[in-house]
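Presented below is the structure to which this report refers.
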Amino acid sequence: MSLLFRRNFTFVFLLMVLPIDVIGVSFSRHRYSRRGDRDDSRDTRIAYACENSTMHLNCTTYNGVIRVIRANYGRFVLSTCNPWSVTTGWNLQCSAKDSFNIVAARCDGRPECSVMASNRVFPDPCTTTHKYLEVYYYCQKSEPTVPSPTTKKPATTTTTTTTTTKEPTTKSTEVSTTGCDCDVRGTKTCMPTKECICRENFTGTKCDECTAGYYNFPACIACDCDNRATLPGICSKETGKCLCGQRLTLSCDACLPGFVNYPYCQVDIVTTKAPSTPTPKPTESSPMPIKKTTPGRTKSTTTEKSSRYTCKSTESEGVWWPVSVTGIVVRDCPGDLKGKMTWECGVRGWKRKPNLSNCVSPWLDNFEDLIEAGSDNVEEVATTLNERTANNKFGPGDLKKTTLDLFPKLNEQLITQTRGMTKRQKRNKVKKFAKSILKTGSNLLTDSNSWKGLPKRERTRVATSLVVNMEETGYQIADSLEVGDPPVITRDLNIFMEVNAISTEDQTTKRLSFPSSVGDREDADDFVTIPVESLVNSSNNGEVRIVFLVYKSLSEFMSPPKEEDTGAENNKDDEDETANNDTQPFIGTNIFSTSVNGRKTKFALSKPLTFTLKHKQAPQPGFHAVCSYWQFNESLSGQWSDDGCSLVKTNNSHTTCQCDHMTNFAILMDTVGTKLSLEHQITLTAITYLGCIVSITCLLCCIFTFCFFKNLQCDRNTIHKNLCLSLMMAEIVFLVGINLTQYKIVCGIVAGLLHFWFLAAFSWMCLEGVQLYVMLIEVFEAERSRRLWYYLFGYGVPTIIVGVSAAVNHEGYGTELHCWLKTENYFIWSFVGPVCAVILINIIMLGIAIYMMCRHSNTLASSLRTKEKTRLQKINGEPNSGSSSGSTNINDKSHLSPELPSWLKGAIVLVVLLGLTWSFGVLYISKESVVMAYLFTILNTLQGVFIFVFHCVMNEKVKKEYKKFAYRATWLPGCIRSLFVGYSGSLGSTSPNSTSSGGHLLKFWSGKRRRKSSGSTLEKSSKGKYDSLFHSY
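FYI, in mature numbering (1 follows the signal peptide of the UniProt record, and there is no 0) the residues of the sequence shown are -24 to -1, 1 to 1009.
And the structure:
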């Protein structure tokens, strides 16, 4: 009975297995299924060729010919020819029309053939999808009536090819066409349905024409063409002329002169003169050399072509890479690794390094089978995985396989196995599982070299997958906890996890802190606080379960997007594309994540959470902290974003942020504009110190002038004096303390002093405009001085502004880069706002002054013409009724000071200079461009020089005081005295009116011309005064 049962079971088993075995297939480059003693040549095979590579089919091993079953150029699945692991965006119903006919024309009935998977051979069925060629075929042992054509060799190979053609003989006894409209010469049989079954190499509904690749019906001779570069028809069915594409010779076996890389035939931009007789050598994009076959001998040739479009053969990662054209080259993984590796061939050589992200270690590949077998103890499987990753060396493909495939499958098994368990049973099982998974994740983060072997996009996908799976594992723990249970804490070298379950209805708990234990919190570098009130909307029946994770080594693998990692060999393009790492943003802290009730997407909190992260290193000059979170999509591709996050405070060691959602957070260290190079920094520093020294010297001279000479004491010179004092103090503080950022308190004081003195300078500049307006509307100088009011405004307003700013936000003084005002939270507007107001007031005052000067000059010119006319009438004895009125008019308008125009010019220059200086300063702070840095530095150093020139050197009153001082100061060297009083020779013969070279210098600065005295005293005084006015204006 048992024997009978075993026989029946064996019979049933064979019935189940044999159909599967019959359709056993092989992938890419002839891997055959073996079935005992059956004829291997009849096994169905599958061959694949990725787009822009060449497929080789070969049946010479079995002394047979190729029979194509079906073929498709397009895409039906994602896994094939997908080294980039694309998951979305490709058309999976992509099929090129006539794929079978094109392949059959090149391969059917031949012992071997080559077909290029390219849009030049097949119509493009889907332009946005990377395609592949898939061919099902078998090898048929037969002696064909018409010998298989030989592939024509290129001109560089001498081959004698003999093709014997025999017209098929047809006998009426062999073919019965009764009732069928078939051509007896090409018909093999006629079916009862009246369908014509054609002989080999014949086709058509009546079998009255040759198949593609043959011509001259009914002989149907094979085309003598190189089918790697022919059009779908191979040759003309009437004449046998090869149907070649452009840039090919008549036999389609070589490129025309001026083109290279057969069969692609690209423009040879290197060759300057085409040879008279082309002798092209075939180059290939396939990783295996193309075998050329002639009767009686087989020769494998691989030829390298020196061209800008060709990647030279080389060895990398233990694999030999043949010469290739632009595209993706696929090779078997090195050593015992399983899978395929790829390398991109660019127009100037191999790009980057070979991609090994699909190469998996044998032990890991077998481990997947263990998971799929469905062990009842998934925690034991997780423990085994932890031990394997801790003791075995793993590569880029192992990282990808573990995070993208194994972790999700393990979590799915855990969910399945814990379904129906009590919370206590589930908790014990999940804790053990989570500990192993967390240790495995920590093991994966240990080997940075394996991560760096992944392409940039793959690296971020793998890192994101690790984060997602760790959160999923944490939530499995959270789901097993009851409210009131102690938090579950799991830690390893690179990952820290805490899981907690709380009630949002508990009024005693206002905030949640992670880490929750006091000891962990004191030792922790990173911690977060969450208002319980903000979790109410996310609770389930008043309960929330929170997973908190910190990753210590993940930040370097999730850096913000930048130019693709190169690691290029023989590729200059990649060097040009690589950005300077010194200016690239980077993650400067650990990455931590918080999730509630298993929600993997961000959701709004009613009150923001607050987190503090420790910097891995002190921020370098030119970088500032940005509170960021990792935003990713379903394909696990993501980027850093600051949406919903704001900076609270930062220093050299920590940064505190607030965010209105819960996801994965980190502190991004980003550059402020364009970081200045070392050369620019040295140059700007030199300009700053040299210019400030010159400016301070000039300002000191101005202060000495306005304080020492008693004849210069007036309201307007008080304004000049305090303006110079404010600028000088600001520049002194700037030189001494602008870079004292290492001393936080000192730096804040320096920033406050700079704020005060620069605001004081602008306040006194505002008073310049006010005093100018007063001089225009007042006929006589005021009896009482306004100095007290000027002092109150000049120093009182800056004191109030600085005091209020410090009271509102004292931490706004001092940044990481300079001892100046922070730009965050608009604190910089406590300086920019008053400056803009002062500039606007001065522009209005100067506009009024210019308008009144122009109106006065027109009135004065008319009065002078009237006076001259009256004087001529008196000489001629004519009566003059308007003389008195003319004189009165002149006297009424003579109250304007002759120094007003020069002061007006000085005020205009100062407003423009200070306005431009700080406009460039604000732009430099916000953008830090090189141009703005130079403009701000140069203009800032010129302020003292311009004040000294316009208010001292070019002022007539000041020059007279200089002359008096030089004349009386006998202790001064003679050269200096001659410069001011025209001194030459002995002091006794010196006269202030001397016409020496020094006197010429004074004449140049004075701008006055000596005039002969004539007319009345009123005429002389008025004319001299207004001549000075016109000349100065």
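Just so you know, even glycine gets a beta-carbon here, dropped at the ideal spot from N, CA and C.
Values in this document were obtained by computation on a predicted structure and should not be read as measured data.
Where residue i falls: helix, strand or coil (DSSP)
i    : result
R273 : Note that R273 has pLDDT 36, beneath the 50 cutoff, so the model's placement of it is unreliable and the number below is only indicative. The answer is strand: DSSP assigns R273 an E or B state.
S535 : coil
P99  : coil
L375 : helix
H794 : coil
E291 : strand
G728 : helix
F193 : coil
G303 : strand
R831 : helix
S863 : Because the pLDDT at S863 is just 42, under 50, the model does not fix this residue reliably, and the value given afterwards should be weighed accordingly. Three-state result, S863: helix.
H927 : helix
F503 : strand
A47  : strand
Q116 : strand
E744 : helix
L918 : helix
T215 : coil
T946 : coil
Exposure of residue i, with buried meaning 16 or more beta-carbon neighbours within 10 Å
i    : result
Y191 : buried
T64  : exposed
F178 : buried
C635 : buried
N687 : exposed
R400 : exposed
F807 : buried
T466 : buried
I304 : buried
Q393 : buried
R831 : exposed
C231 : buried
Same chain, Cβ closer than 6 Å to residue i, neighbours up to 5 away in sequence not counted
i            : result
D1003        : With a pLDDT of 41 at D1003, under the threshold of 50, the modelled position of this residue cannot be trusted; read the value that follows with caution. Excluding residues within five positions, none has a Cβ falling inside 6 Å.
Q116         : G40, V41, R43
Y451         : V523, G574
I173         : K164, T165
N628         : A594
residue 1016 : For residue 1016 there is no data in the structure shown, the boundaries of the chain being -24 and 1009.
G713         : V726, C795
T379         : V438, S441, L442
Residues of its chain near residue i, where Cβ-Cβ distance is below 7 Å and the 5 sequence neighbours each way are ignored
i    : result
T136 : Note that T136 scores 32 on pLDDT, short of 50, meaning its location in the model is unreliable and no value can be drawn from it.
V336 : L313, K314, G315, G373, D374, K377
D157 : K182
Y802 : none
C228 : C201, D202, A205, T206, C218, C220
D341 : K314
S456 : K399, K402, R403, V406
T105 : R51, W66, N67, C70
V354 : L386, Q389, L390, Q393, F409
Residues near residue i by beta carbon distance below 8 Å, same chain, minus five either side
i            : result
P338         : D312, L313, K314
T717         : C723, G790, T791, E792, L793, H794, C795
residue 1093 : As shown, the chain starts at -24 and ends at 1009. That puts residue 1093 outside it, with no answer to give.
I471         : L414, G417, S418, L421, M446, L525, V526, Y527, K528
I347         : V357, L382, K385, L386, Q389
L68          : R51, F52, V53, L54
S613         : R433, T436, R437, T440
R763         : D691, T694
Sheet register partners of residue i (DSSP bridge)
i    : result
C174 : T163
R487 : P507
H106 : Looking at the DSSP assignment, H106 forms no beta bridge with any residue, so it has no partner.
F587 : V504, C633
E88  : N34
**Request:** Enumerate, from N- to C-terminal direction, the unbroken beta strand (DSSP E) stretches of 3 or more residues contained entirely within the region 591 to 668.
**Result:** 599 to 608, 614 to 617, 621 to 626, 630 to 637, 640 to 647
Exercise. Scan the region 404 to 452 and note each continuous alpha helix (DSSP H) run of 4 residues or more that stays entirely inside, going in chain order.
Key: 424 to 428
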